[in-house]
Amino acid sequence: MKSKSLCLLLLFIFLLGFTRCTDNCVGSKAKVVDLKCRGLVTPEGIDEAVFSWKIESEENGFIQSAWEIEIASSREDLEDGNYIWNSGKTVSEQQVNVRPDIAILERGPLYWWRLRIWDGKGQVTAWSEPSFFSLGLNTSDWKAKWITSVWKKDSPMPYFRKVFDTGKAESKLQRAVVYFCGLGCGDLYLNGELVDKKRILDPAQTNYEQYALYSTFDITSGLVKGENCLGVILGEGWYGQNSVWGPWAKYGDPLFRLQMEITYEDGSKEMIVSDESWLWTSGPVLKGNIYAGEVYDATKEIKGWSEVGTQLNGWKNAVVAEGVIPVNLFPQVMEPIRLKNEIRAIKKWKDSSGNWIFDFGGNIAGVPQITVDQPKGTHLKMRMGELLREDGSIEYNTTGVFATGVVQTDEYICAGNGREVWNPRFTYHGYRYLELSGMAVEPELDWIKTIVVHTDVNKRGEFECSDEQINKLHELAVRTMLNNTHGLPTDCPHRERCGWLGDAHTVAPFENYNFDLNNFWMKYMEDISSTSSAFEKNTLHQKLFNTIFYFADKAPGIPYMISPGKRLCGVASPDWGTAVVQLPWYIYLYFGNEEPLHKYYQEMKQWVDHVESLTLNDTLSTKHIVPYGLGDWCPPEGNNAIDCPVALSSTAFHYLDASILAKTAAMLGKSDDAGYYSGLKDKIAAAFVAEFYDKESKTFGSQTADAMALDFGLVPAGDEKAVSDAIVRNMKEKYDGFMHTGIFGLGRIGQALSRFGNSKMAWDMFTKTGENSFAYMWTDADATSLWEILPVNGKSKEMCLAGSSLNHPMQGGYDTWFYEDIAGIRPDVSGPGFKVIHFEPTMTSYLSWAKASIETPYGRTASEWSQEENSLVWIITLPPNTSGIVALPDSKKIHVNKRSFNKADYPLIGSEEEVSLYKFPSGVYQIEIYKE
């Protein structure tokens, strides 16, 4: 009995220890990696702590069941367990956008954090490697003044400097952080060096009368004990320019605000702020206009201007700025604009006027960089354009000279001190060709390079397939998108550079596959919200085609056509303003971020109500039919050739918006709203079908109309295949077997064909050559980016060359189909942010192979398939803590990971025609689908 009791006691002790080990001892082989705060790696000066992480595990079906986060004031404290906050074990699968309740965090200090997770078996991982973040300043935390120089007409851009001493404190310097906002844009120097050489045109454009963004720099390593010098150069940016659109476009003369906080190891602090004690003088940047270009006179450089000990002759005290002063300053969480890769010219020649023309081989957004050795005073002029005339000179009309009144021009006056390297920092341009004049000798080909310039968004998507024409189209879409990503989604990189709402919602899906744009779209949503916030009495509203208008009051919250800025082009039409609803939903769907749905819910709701009111305000409209809009913008042959009625596309968007709002309301627990908007969408659908559907011919009348109806679910049940067939008939009978859509249809026509039994027509359309084909763009039009009107035939080519932009991303919506239907990978609303991944390629009969991958918030997901002799081999990757919806044919023999497919292992969750949908847990699966 004693021995039995002893055994029981020992067993009890063992089990007790095992239970404790489950929570405190490492049992899981998984690793927690890629810690991010606010979507960034080790960010400085963010607005709030929002955590995310990824998981590495070789185990299929890995599930995170809980997490624990620790935060400390230093890495040493964190590793020693001296944390200032600990979440405790929190039962949750969530690993994206985690917002712990951390009221104790201060603004300014560096915080270190780490975490561990528990798997589905209750086993805990090791602690992650530590990461860090800091919170930036609130508007009320700023002690610095907005300062500037004394401005006169045609004043050069000023140099500013401030000497300060870190040698007075007895304690050793621990940390120094600078918060800086230069408007329109500013460069920050420390002890003679640019703090961030690649950062340019900072901060991003905003509605300056309401707020501006500031950037945060940790300059600790650049300081020396004793005297140091801060320096600032300003450019006009979008704040100070009036060369384009007229004097009303200018907010004021360039100005800046800077606050530097120094912390010593004994805890003492020191603050350096922008005020009248700063000194300024005129610098070598004679002009820094965002549209027109930059003029730099190197003979006026002041050696050591931002260094300690420089002789100061004629420097004056800064003055407190007046005019339009931003009410608020917010951290710039979005990635900054940066100088990216360099492109060398592929050839040069002399034009009939004696100027040298350089060809960079592709249409880009960037700046020239010159490397020259010329005599002092040599005045080099560079003019940029997208197109050549027959005589080999540059044609500037496609860059919008007719609208802006300026040719993109940079000028450099040589110092004559030997080899000089220079690129402008307060402008950027859209161009392929550069005209150089002013040199004393024939230039070498390597005198000029182009540096690509865009917001430094992280690439997350990769796509490739066996057809080179499709790969070429993908490349054009991605390049054109980057050419128009400069703090906001612009329409073109030269003429307007505006954030048109219609362009934004059109490009968002395909851009979200290719790049991590969560912070980018969050910033743009604030642009839209702040632009729309004012009441305006009896103002211009868009009615039809951007040429017919009406006047009415604009309520606060109703958007304009453009955001941000002063050029707004009237109150948004229904098909442009839909971005207010679509963009928050896309942020949620593609990145798993609920924040914009909470933040902008009232504006989403207000928009749907506003558009519904338009259906009752026109004698030509039927209830729930929206009569106004611009329509399916820029089809081949231009807007006069739009096939889809404006009322049809605007009503379709109204239905989409009501559908999104109903789902959003349900998710947010607003049951009354969910019921109302669900009912409204059903009424819109009924009106849409009654008004536009030809029940006999099974069509809504055009390619775009049918594609939108299929995409939004507006086709009467059972008629989907017939409506897709109608698109095929339209293509063959009217348009030489090719598409005829504007931007609304082009992003949807591939899906409308391949998902409803017409994959062959989709294949024929995307691989067609000759007249009326995508290939015409590069075989006959020499297009290296997407044009405002795609040059798919001779007529559209000539129309665009008459003055339209040759760099317009709104035409790139087709790229979504490449990821979703060729590779077969897309997000699913049941698990946003690719928490649940839908795998369903629809084009496997027409290509030898295809592959795509996306670096989701949970890790890399991928779909790769290839045709083998007897089977289709399909490899899918689901990162840990995700699941997949996988479409498999009903009538084929299937192996999964070399074993016969056992349906009992993969729950059936739905069915479509000839395929069934199965749930797969996380992991890597090789699926073989046999042909016989």
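According to mature numbering (1 follows the signal peptide of the UniProt record, and there is no 0), the stretch in the sequence shown is residues -22 to -1, 1 to 910, in order. Cβ coordinates follow ideal geometry from the N, Cα and C atoms, glycine included.
For residue i, which of the options has the nearest alpha-carbon?
i: Asn461; options: Glu846, Ser627 and Asn341; result: Asn341
i: Ile863; options: Ile95, Gly339 and Glu890; result: Glu890
i: Ser823; options: Asn736, Ser541, Arg16 and Gly292; result: Asn736
i: residue 934; options: Gly287, Pro134, Tyr189 and Leu561; result: Nothing about residue 934 can be reported from this structure: the residues present for the chain run from -22 to 910 only.
i: Phe898; options: Trp327, Gly301, Asn859 and Met500; result: Asn859
i: Glu842; options: Pro805, Gly809 and Ile800; result: Ile800
i: Leu639; options: Asp329, Lys130 and Tyr564; result: Tyr564
i: Gln310; options: Lys121, Cys159 and Asn750; result: Cys159
i: Ala700; options: Asp684, Tyr274 and Ala664; result: Asp684
i: Arg77; options: Glu776, Arg16 and Ala550; result: Arg16
i: Ile324; options: Arg361, Val399, Tyr411 and Gly271; result: Tyr411
i: Tyr406; options: Asp55, Tyr269 and Gly480; result: Tyr269
i: Asp97; options: Phe142, Thr126, Lys121 and Glu46; result: Glu46
i: Phe527; options: Gln447, Leu608, Pro562 and Leu451; result: Leu608
i: Ala296; options: Ile391, Val251 and Val586; result: Val251
i: Ile724; options: Val624, His632, Ala27 and Tyr792; result: Residue identity check: residue 724 is Leu in the sequence provided, not Ile. With distances taken between Cα atoms, Leu724 lies closest to Tyr792.
i: Thr117; options: Leu191, Ala759 and Val69; result: Leu191
i: Thr834; options: Arg475, Glu36 and Asn75; result: Asn75
i: Leu264; options: Arg235, Tyr390 and Ser112; result: Tyr390
i: Asp531; options: Phe523, Lys521, Ile540 and Thr517; result: Thr517
i: Trp90; options: Asp119, Arg877, Gln72 and Leu56; result: Leu56
Once the 5 residues before and after residue i are set aside, which same chain residues still bring their CB inside 7 Å of it?
i: Gly170; result: Gly282, Ser284 and Glu285
i: Leu(-7); result: Its pLDDT being 44, under 50, Leu(-7) is placed unreliably by the model, and the measurement read from it follows with that caveat. Here the set comprises nothing.
i: Thr103; result: Val4, Ser6, Ala8, Lys9, Val10, Arg94 and Ile95
i: His588; result: Ile536
i: residue 912; result: As displayed, the chain neither begins before -22 nor continues past 910, which places residue 912 out of reach and without an answer.
i: Trp227; result: Inspection of the sequence shows that residue 227 is occupied by Ala rather than by Trp. Here the set comprises Gln219, Asn220, Lys544 and Arg545.
i: Ala299; result: Trp124, Ile125, Thr126 and Leu233
i: Lys437; result: Asn492 and Phe493
i: Tyr374; result: Gly363 and Val385
Please return the same chain residues whose Cβ sits closer than 6 Å to the Cβ of residue i, not counting the five positions on each side in sequence.
i: Thr(-1); result: Any reading at Thr(-1) needs caution, since the residue's pLDDT is 46, under 50, leaving its predicted position unreliable; the model's value is listed next. Correct list, in chain order: Gly100.
i: Lys773; result: Glu615
i: Glu187; result: Val302
i: Ala687; result: Phe678 and Val693
i: Lys318; result: Val430
i: Gly209; result: Arg139, Tyr167 and Ser284
i: residue 987; result: Nothing about residue 987 can be reported from this structure: the residues present for the chain run from -22 to 910 only.
i: Leu658; result: Ala636
i: Glu368; result: none
i: Glu413; result: Asn333, Ile335, Arg361 and Ile372
i: Ser415; result: Asn333 and Lys359
Return no unless some Cβ of chain D is closer than 9 Å to the Cβ of residue i.
i: Tyr538; result: Considering every chain present, this structure includes no chain D. It has just one protein chain.
Would you kindly check if the distance between the Cβ of residue j and the Cβ of residue i is under 9 Å?
i: Pro574; j: Met645; result: no
i: Leu764; j: Gly790; result: yes
i: His558; j: Glu581; result: Per the sequence presented here, residue 558 reads as Val, with His not at that position. Yes, the pair counts as a contact, with Cβ atoms nearer than the cut-off.
i: Thr757; j: Thr719; result: no
i: Thr349; j: Trp425; result: yes
i: Thr387; j: Lys359; result: yes
i: Pro314; j: Leu212; result: no
i: Ile178; j: Arg403; result: yes
i: Val222; j: Gly383; result: yes
i: Ile832; j: Glu440; result: yes
i: Asp610; j: Phe690; result: no
Near residue i, which residues of its chain fall below 8 Å by C-beta distance, leaving aside the five closest residues on each side in sequence?
i: Ile853; result: Ala840, Ser841, Glu842, Trp843, Val902, Tyr903, Gln904 and Ile905
i: Ile82; result: Ile62 and Trp63
i: Ser649; result: Ala643
i: Asp672; result: Phe678 and Gly679
Is the beta carbon of residue i within less than 8 Å of some heavy atom of the ligand MN?
i: Ser649; result: Of the ligands one can find in the structure shown there are none, so the ligand MN has no counterpart to examine.
**Message:** Please give me, in chain order, every unbroken run of the beta strand (DSSP E) with length at least 3 that falls completely inside the region 751 to 787.
**Reply:** none
**Request:** Only counting runs of 3 or more residues, tell me where the beta strand (DSSP E) segments fall wholly within the region 5 to 82, in order along the chain.
**Result:** Complete beta strand (DSSP E) runs here, min 3: 9 to 15, 29 to 34 and 42 to 50.
**Message:** My parser needs the alpha helix (DSSP H) runs of 4 or more residues fully inside the region 448 to 528; what are they?
**Reply:** 479 to 492 and 496 to 510
**Item:** Cβ contact check for the region 320 to 330 and the region 39 to 55: 3 or more pairs under 8 Å
**Value:** Contact between the region 320 to 330 and the region 39 to 55 is absent, with fewer than three C-beta pairs closer than 8 Å.
**Request:** Determine contact between the region 148 to 156 and the region 237 to 245, defined as no fewer than three beta-carbon pairs at a distance below 8 Å.
**Result:** With a cut-off of 8 Å, the region 237 to 245 and the region 148 to 156 count as touching, because enough Cβ pairs lie within range.
**Request:** Check whether the region 364 to 372 touches the region 396 to 403, counting contact only when three or more Cβ pairs, one atom from each stretch, lie closer than 8 Å.
**Result:** no
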